[in-house]
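To keep things clear, I will list the structure first and then write my remarks on it.
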Amino acid sequence: MSRYGIIPADPPAGVSFPVWVVRDHRTGDLVKALPPRPEPLRFYSYAHAQAWVHKNERPTP
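Take a look at the structure:
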């Protein structure tokens, strides 16, 4: 099982296109954009979200 999962999110006010966030399966929390700020990391393209997950995914030992 991969560490991260991409899920749809409610878009910020005024945005009319899909928004995606990344959930950390280990903690169950959304990945934060700039810790310690509470905003989740948002992607406005599923392909960009996939690229982030692939770049940050580490194989399990």
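Following the working numbering, the numbering of the sequence shown begins with 23 at its first residue and continues without gaps. The C-beta atom is built at its ideal place from N, Cα and C for all residues, glycine as well. A quick note: this is a predicted structure, and the numbers were derived from the prediction, not measured.
So, for residue i: in the same chain, excluding its five sequence neighbours on each side, which residues have a beta-carbon less than 8 Å away from its beta-carbon?
i	result
arginine 80	Arg25
proline 33	Phe39, Pro40, Val41
Could you spell out where the alpha helix (DSSP H) holding residue i opens and where it closes?
i	result
valine 44	Segment 41-46 is the beta strand (DSSP E) holding valine 44; no alpha helix (DSSP H) there.
alanine 31	From DSSP, alanine 31 is part of no alpha helix (DSSP H) but of the beta strand (DSSP E) over 26-31.
valine 53	Careful: valine 53 lies outside any alpha helix (DSSP H) and carries neither H nor E.
Excluding the 5 residues preceding and the 5 following residue i in the sequence, name in chain order all residues of the same chain whose CB lies nearer than 7 Å to its CB.
i	result
valine 43	Ile29, Ala31, Leu52, Pro62, Leu63, Arg64
aspartate 46	Arg25, Tyr26, Val53
Give me, in chain order, the residues of the same chain whose beta-carbon lies closer than 6 Å to that of residue i; leave out the 5 immediate sequence neighbours on both sides.
i	result
valine 75	Tyr26
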